[in-house]
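Structure record follows, encoded as structure tokens.
Protein chains in written order, with the working numbering: chain A, 1 to 216; chain B, 1 to 245.
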């Protein structure tokens, strides 16, 4: 977002405030960045709309990252509270989506670091001992029927995702599940695009190795 | 938003291997936020707004969930340990142990003052013509008994023999002769100089010596000695004249 766009955004927000057309219908039509500008001017409704727009995609991202629904809900709440309290830190030069994903990603990583053993116990130990990516929990199960029991496949994918290193996991989730662009991922992770692409590629490779019994 | 440069076929049967994996990744069921998430968040935000009014120092003692600062316990411990170290170093730096020792050995100014007053009183009586020859007759006793006693004491070897004041302060058994007392009161400053030059020798039990050097015991000791000195003078005065006999 360049300077002229930023100025026009601010002008539009000013006009909205002056004309006092801050009803739900009008605000629903605004972009995320415009809503955030309005929220910075203490329009609470704008924040509520942003919550509605982002709660599900963020929940999905955090859940895929942590693998725990309750923790994901807590992190999601913390993310929006942080947005609420640190609204003055948001600059219109950045996209709101990348800003909020950065906050959620950082909180999820902190949570994982705090309760690392809770999430990655036996799987992580197995990796360090055998130097290969295998999931002992499902070894005894019969191979799932790809057409009839998708749920088991999804569970296996989720378990495999959790064994990836944080950086790889984040990049793969943002790209392949959340379907963000490389530029957006680079902005969220604060890494060069080359590094992002490399992480995605290596993450996928590891997933392939982990799930080879399904896809071979 | 999604880019098409990573050979993912969005429609139709996905190709084998990576594409199949990518297809499954995108097909993963979406996890939605809890149903009452918005309401719960609103309540939480209201609570936070209320907490904003709480003063800063109070928030140090509140849990993080209630708006307190999320400071781990070991941080408080580290700060407390640092404070203790700083205070210890400061106290160590400002304390002169030599001065402390002298202060403990020397009597309190009040004791010195009372002793001087008593001595002046004695001198005033001793200045009478009748008493002077009598006092001169009493043989001069050593400042400190050479034999000492069981508990031990600090002995002062004084070349000039003028160390009465200090001998009193030491709590040792010192018998002061009248001429020595007179000279001691006449010149306090030379006495002090002599004290500095004098040599200390310690013997006996240090614990008992410490007990003797305590200011309270010093006061009672010096008063007792002054009292007995006064009584002996009265006895001498009341003694009948040899001519009368």
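The beta carbon of each residue, even a glycine, is placed where N, CA and C say it ideally should be.
| query | result |
| --- | --- |
| Residue 209 (chain A) at chain B interface by Cβ criterion, 8 Å | no |
| Member of A:153, A:99, A:44, A:43 whose CA lies at the smallest distance from the CA of residue 213 (chain A) | A:153 |
| Alpha helix (DSSP H) segment containing residue 189 (chain A), residue limits | 182-189 |
| CA-to-CA distance, residue 94 (chain B) to residue 75 (chain A), given in whole angstroms | 53 Å |
| Residue 81 (chain A) at chain B interface by Cβ criterion, 8 Å | yes |
| Inter-residue Cα distance where the pair is residue 225 (chain B) and residue 231 (chain B) | 10 Å |
| Rounded C-alpha distance that separates residue 207 (chain A) from residue 164 (chain A) | 8 Å |
| Interface partners of residue 59 (chain A) on chain B, CB under 7 Å | 31, 32, 33 |
| Inter-residue Cα distance where the pair is residue 122 (chain B) and residue 227 (chain B) | 11 Å |
| Residue range of the alpha helix (DSSP H) that includes residue 54 (chain A) | 44-66 |
| Member of B:43, B:33, B:27, B:62 whose CA lies at the smallest distance from the CA of residue 71 (chain A) | B:33 |
| For residue 51 (chain A) and residue 157 (chain A), the rounded distance between their alpha carbons | 28 Å |
| Exposure of residue 57 (chain A), with buried meaning 16 or more beta-carbon neighbours within 10 Å | buried |
| Whole-Å CB distance - residue 31 (chain B) paired with residue 60 (chain A), under 8 Å assumed | 5 Å |
| Through-space distance from residue 88 (chain B) to residue 108 (chain A), alpha-carbon basis | 43 Å |
| Closer than 8 Å to chain B by CB, residue 84 (chain A) | yes |
| Close Cβ partners of residue 62 (chain A) (< 7 Å) along its chain, the five nearest in sequence each way excluded | 72, 75, 76, 104, 108 |
| Residue 14 (chain A) in three-state terms, based on DSSP | helix |
| Other residues of its chain near residue 202 (chain A): CB distance less than 8 Å, five sequence neighbours each side excluded | 168 |
| Coil, strand or helix - residue 198 (chain A) by DSSP | helix |
| Cβ-based contacts, 7 Å cut-off: residues of the segment 45-68 of chain B near chain A | 45, 48 |
| C-beta neighbour in chain A for residue 20 (chain B), strict 8 Å | yes |
| Residue 75 (chain A) at chain B interface by Cβ criterion, 8 Å | no |
| Residues of its chain near residue 47 (chain A), where Cβ-Cβ distance is below 7 Å and the 5 sequence neighbours each way are ignored | 39, 84 |
| For residue 113 (chain B), the nearest candidate out of B:234, B:222, B:236 (CA to CA) | B:222 |
| Through-space distance from residue 41 (chain A) to residue 23 (chain B), alpha-carbon basis | 42 Å |
| DSSP three-state assignment for residue 178 (chain A), whether helix, strand or coil | coil |
| Where residue 30 (chain A) falls: helix, strand or coil (DSSP) | coil |
| Amino acids of chain A, ordered along the chain, whose beta-carbon sits closer than 8 Å to that of residue 36 (chain B) | Here the premise fails: no neighbours, minimum Cβ distance about 10 Å. |
| Within 8 Å, strictly: CB atoms of residue 32 (chain A) and residue 110 (chain A) | no |
| Cβ of residue 101 (chain A) within 8 Å of any chain B Cβ | no |
| Reference residue 114 (chain A); option with closest CA among A:149, A:81, A:66, A:150 | A:66 |
| Coil, strand or helix - residue 101 (chain A) by DSSP | helix |
| Chain B contact residues for residue 56 (chain A), given Cβ-Cβ distances below 9 Å | 30, 31, 32, 33 |
| Beta-carbon proximity list for residue 88 (chain A), same chain, < 7 Å, skipping 5 on both sides | 40 |
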